[in-house]
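For the record, the sequence lines run as chains A and B.
Numbering that gives the first Met the number 0 puts the first residue of the first sequence at 0, with every later residue one more than the last.
Numbering that gives the first Met the number 0 puts the first residue of the second sequence at 0, with every later residue one more than the last.
Just so it is clear, CB atoms sit at the ideal spot from N, CA and C, and this is done for glycine as well.
2 protein chains.
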Amino acid sequence: MDTHALLRQLVQKNDSKIELYVADGLGGLPQQPGGKTELETAATPHLDKLAAEGVLGGSIPVAPGISPGSGPGHLGLVGYDPVEFLIGRGALEATGIGFELKDGDVAIRANFCTLDADGKIADRRAGRIPTEESTPIVERLAKEIAIDGVEVIVRPVKEHRFVVVFRGQGPAPEKLGGSVADTDPQATGVPPLAAKALDAASEKTAKICDEFIAQVRKLLADEPKANCCTLRGITGKPSIPSFEEVYGLKAAAIAVYPMYKGLASLVGMDIVGDAQTLDEQMDVLKSVWDQYDFFFIHFKYTDSTGEDGAFDAKVQRTEEYDSAVPRSMDLGPDVLIATGDHSTPSMLASHSWHPVPTLLWAKNCRCDAATEFGEQQCVTGGLGQFEAKHLMTLALANAGRLAKFGA
Amino acid sequence: MDTHALLRQLVQKNDSKIELYVADGLGGLPQQPGGKTELETAATPHLDKLAAEGVLGGSIPVAPGISPGSGPGHLGLVGYDPVEFLIGRGALEATGIGFELKDGDVAIRANFCTLDADGKIADRRAGRIPTEESTPIVERLAKEIAIDGVEVIVRPVKEHRFVVVFRGQGPAPEKLGGSVADTDPQATGVPPLAAKALDAASEKTAKICDEFIAQVRKLLADEPKANCCTLRGITGKPSIPSFEEVYGLKAAAIAVYPMYKGLASLVGMDIVGDAQTLDEQMDVLKSVWDQYDFFFIHFKYTDSTGEDGAFDAKVQRTEEYDSAVPRSMDLGPDVLIATGDHSTPSMLASHSWHPVPTLLWAKNCRCDAATEFGEQQCVTGGLGQFEAKHLMTLALANAGRLAKFGA
Chain A
0 MDTHALLRQL VQKNDSKIEL YVADGLGGLP QQPGGKTELE TAATPHLDKL AAEGVLGGSI
60 PVAPGISPGS GPGHLGLVGY DPVEFLIGRG ALEATGIGFE LKDGDVAIRA NFCTLDADGK
120 IADRRAGRIP TEESTPIVER LAKEIAIDGV EVIVRPVKEH RFVVVFRGQG PAPEKLGGSV
180 ADTDPQATGV PPLAAKALDA ASEKTAKICD EFIAQVRKLL ADEPKANCCT LRGITGKPSI
240 PSFEEVYGLK AAAIAVYPMY KGLASLVGMD IVGDAQTLDE QMDVLKSVWD QYDFFFIHFK
300 YTDSTGEDGA FDAKVQRTEE YDSAVPRSMD LGPDVLIATG DHSTPSMLAS HSWHPVPTLL
360 WAKNCRCDAA TEFGEQQCVT GGLGQFEAKH LMTLALANAG RLAKFGA
Chain B
0 MDTHALLRQL VQKNDSKIEL YVADGLGGLP QQPGGKTELE TAATPHLDKL AAEGVLGGSI
60 PVAPGISPGS GPGHLGLVGY DPVEFLIGRG ALEATGIGFE LKDGDVAIRA NFCTLDADGK
120 IADRRAGRIP TEESTPIVER LAKEIAIDGV EVIVRPVKEH RFVVVFRGQG PAPEKLGGSV
180 ADTDPQATGV PPLAAKALDA ASEKTAKICD EFIAQVRKLL ADEPKANCCT LRGITGKPSI
240 PSFEEVYGLK AAAIAVYPMY KGLASLVGMD IVGDAQTLDE QMDVLKSVWD QYDFFFIHFK
300 YTDSTGEDGA FDAKVQRTEE YDSAVPRSMD LGPDVLIATG DHSTPSMLAS HSWHPVPTLL
360 WAKNCRCDAA TEFGEQQCVT GGLGQFEAKH LMTLALANAG RLAKFGA
């Protein structure tokens, strides 16, 4: 079913406020069978109170058994089918460093490589050149490279990786085609591939790619490691309908990390504030409360501690996440959802496929028997297990923002 | 997945009897957090006994968060995807007064309006003319209007609203196209719109619409309020495969209200009896028991009391619904399902999105731990939460009417 098509018919506006309070990687696993997960171990009095008043469930980010990356995880969470709406690797990389793509841009993940005297690739990652060495080289490219009729934006990422964006110039910039094959041959001892357009609209982009590489090679001829680069994941800005268009919501994103600001901006949220801590995020929330309908608040550290395999640290970060709940509730939201974009069990030290504990609090949410927010209670919660992409519909319904379907 | 395509392959016939016992708007909400819903408050000893022997679950009429109208609610309940099978406004209005549409008919919801001396709309609803004034005018139109080659059927509804049906004449009547735009300009101070066909097959229908309005205007020229009409929701009979064709079931509908008789007739059920009370419905059920495989029994008052916001009255109506269960069970059904087409919590005084309490009783249904029929016990019931459209498959399976899929 095309949920967005249905919602476009049904959405109605009112003055309600919806908060989506995301603890990245929230779901976990116990350290031994029969034990408690990170969330169940953590003292979370404020979330437990909301769990008792609200309704729990398990959110399935993509499909049972599928572990999502941050892109699909967040897209699903805000109601976009993560299999339908794909973000190309180049666009995701640009988004990940907080770069705001425009329609018609082409974004590329570039890798420095080392060519031998015959122009063949000797090292596909330029000896994993350290960031402190690669950054000045990227800055030099940013300054020196010039291609007729196109703006070239080059930004460092980490080690051998950097981002390239081509953008049409002028008051009505040309939209560049975003379908060009990788120039990385995925092998050493062979020369880099010429850029090959995969459709007619991308012929010009392929030529720009070749010109870019030629200039890089010339500029970096004397570099011992990073004397050339390959281009991968060459893609346009993904075509994603905006939050306002689909849900009729004016949405604000309050995140610390660039990747999540980038993902939020792709669905048309305003990136507000420049908070560096959860407490500062709550300050920003309060300061913009009157200007928006929907607030996406992203807390990163439940994921990063999970990725580190640090059970106790994840417990502690979960308690920190809980501690900010009263500041949210003081603002008087109509709907508050606490959940994650996926599970990151510290026992796996990676994203996982396990359903994500989800708490929905609203006046008419049909409270269930749950008394605490945790994986076990979510299993028997009133929301059941559901695909993450339905969560926005539930949020809108509970906020009174959906008309009846059919007479 | 196309469930109907699957079922068409698997359906096998036997002598089993399936009863779908619908309490309209059954699901509810407690009056305060932690309290009991209408169904949980009601004394329902007969349903509780079936709950203990059967299996419970929560039915999602359309999708999580979507509140359905009666059309999509009932279509979903009897296994038709409510987003795929849409019933146009005109067809629903005709159905709602119990009018049986035929293939090739065009059904229209008409509104009396008031034109000023310049032929511009002064009042889009003819001053909400009372039913006792509008009905004789409709009867006059029914008697006087004649259009070459087409049968014109005109029926009163309420106040300014009436139904018009155009039907091809003769032994092999022409099927009329049903895609014509509304003639209501949705504004006053402007003349009504001419009928505009939205596809080539509806050109003739548009001409008939214009001729109809011209005759109405002439006939009613001296009426002070209702001196013209607009035509809205101009639609053909929806193309819905019949119950017998998809499920191999000969089905009887035992309903009191015209709307539900109409909806049942759209899926090819026979409308049987003329019961006015639940007790009379049970008399009809008994009298036709040997002639059908499937019985749809519709009880309206759990919805109407919910719509009225009358918690106690809904509790009482739920007890009435329960009280008729023994008369059903005495007939010895193989499968009995008690559920609603949607929730109508009296706390909201409207249809809602909350999952509908559902009870399936059958010999081999895999009984769960439930002891009472109510929203909370449905959350942890053996059917889980499921899309309503799957309920018919479960009914057929429990009746032994489905062959194994694949070898």
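- Cβ neighbours of Glu-39 of chain B within its own chain (closer than 6 Å, five residues either side excluded): Gly-373.
- For Met-346 of chain B, the chain A residues whose Cβ falls inside 8 Å of its Cβ are Asn-363, in order along the chain.
- Glu-150 of chain B and Val-10 of chain B have their alpha carbons spaced roughly 39 Å apart.
- About 11 Å separates the Cβ atoms of Arg-108 of chain B and His-159 of chain B, ruling out a contact at the 8 Å cut-off.
- Taken in chain order, the complete alpha helix (DSSP H) segments of 4 residues or longer contained in the stretch 313-338 of chain B are 324-329.
- Not flagged as an interface residue toward chain A: Leu-390 of chain B, since no C-beta distance is shorter than 7 Å.
- Val-162 of chain A and Gly-27 of chain B have their C-alpha atoms some 54 Å from each other.
- Residue contact with chain B for Phe-404 of chain A: present (Cβ-Cβ distance below 7 Å to some residue of chain B).
- Across the stretch 358-386 of chain A, CB contacts with chain B closer than 7 Å involve Asn-363, Arg-365, Cys-366, Asp-367, Ala-368, Thr-379, Gly-381, Gly-383 and Phe-385, in sequence order along the chain.
- In the three-state DSSP reduction, Asp-209 of chain A falls in the helix class (H, G or I).
- Glu-18 of chain B is positioned such that its CB atom lies no closer than 7 Å to that of Phe-211 of chain B.
- Note that the stretch 296-316 of chain A does not touch the stretch 331-338 of chain A; fewer than 3 beta-carbon pairs, one per stretch, sit closer than 8 Å.
- Taking the Cα of Pro-191 of chain A as reference, the smallest distance to any Cα among A:Ala-199, A:Leu-197 and A:Thr-182 is reached at A:Thr-182.
- Taking the Cβ atoms as the reference, Cys-366 of chain A lies roughly 6 Å from Val-54 of chain A, within the contact range of under 8 Å.
- Rounded to the nearest whole angstrom, the CA to CA distance from Lys-362 of chain A to Ala-368 of chain A is 16 Å.
- In chain order, Lys-157 and Glu-158 place their CB closer than 6 Å to the CB of Thr-130 of chain B, counting only its own chain and leaving out the 5 sequence neighbours on each side.
- Residue pairing by DSSP places Leu-55 of chain B opposite B:Leu-358 in a beta bridge.
- For the options B:Leu-284, B:Leu-347 and B:Val-215, the alpha carbon positioned closest to that of Arg-326 of chain B is the one of B:Leu-284.
- A check of alpha carbon separations from Gly-235 of chain A across A:Thr-94, A:Gly-68 and A:Ala-193 identifies A:Thr-94 as the nearest.
- Annotation: the stretch 95-173 of chain A contains the following complete segments of the alpha helix (DSSP H) (minimum length 4 residues), in chain order: 130-143.
- For Asp-47 of chain A, the closest of A:Trp-360, A:Arg-400 and A:Pro-344 by C-alpha to C-alpha distance is A:Trp-360.
- Rounded to whole angstroms, the gap between the alpha carbons of Leu-265 of chain A and Pro-60 of chain A is 18 Å.
- Straight through space, the alpha carbons of His-341 of chain B and Val-82 of chain B are spaced by roughly 15 Å.
- Considering only beta carbons, the part of the stretch 21-39 of chain B lying closer than 7 Å to chain A consists of Leu-28, Pro-32 and Gly-33, in chain order.
- In this chain, His-353 of chain B is not harboured by any beta strand (DSSP E), its DSSP state being neither H nor E.
- Checking the DSSP bridge columns, you'll see Phe-295 of chain B partnered with B:Leu-19 and B:Ala-252.
- Under DSSP, the beta-bridge partners assigned to Phe-385 of chain B are B:Ser-58.
- Taking a C-beta distance under 7 Å as the contact criterion, Phe-111 of chain A and Cys-228 of chain A qualify as a contact pair.
- In the structure shown, Cys-377 of chain B adopts helical secondary structure according to DSSP, grouped into three states.
- Leu-230 of chain A: member of the beta strand (DSSP E) spanning 227-235, first to last residue.
- Scanning chain A for C-beta atoms nearer than 7 Å to the C-beta of His-353 of chain B yields Arg-365, reported in chain order.
- Ala-42 of chain B has its alpha-carbon roughly 41 Å from the corresponding atom of Ala-41 of chain A.
- Residue environment: Gln-280 of chain B is assigned as buried (16 or more neighbouring CB atoms within 10 Å of its CB, all protein chains considered).
- For Ile-65 of chain B, the nearest beta carbon of chain A is closer than 7 Å to its own beta carbon.
- As computed with DSSP, Asp-269 of chain B is found in a beta bridge with B:Ala-251.
- With a 10 Å radius around the Cβ and a threshold of 16 neighbouring Cβ atoms, Gln-376 of chain B comes out buried.
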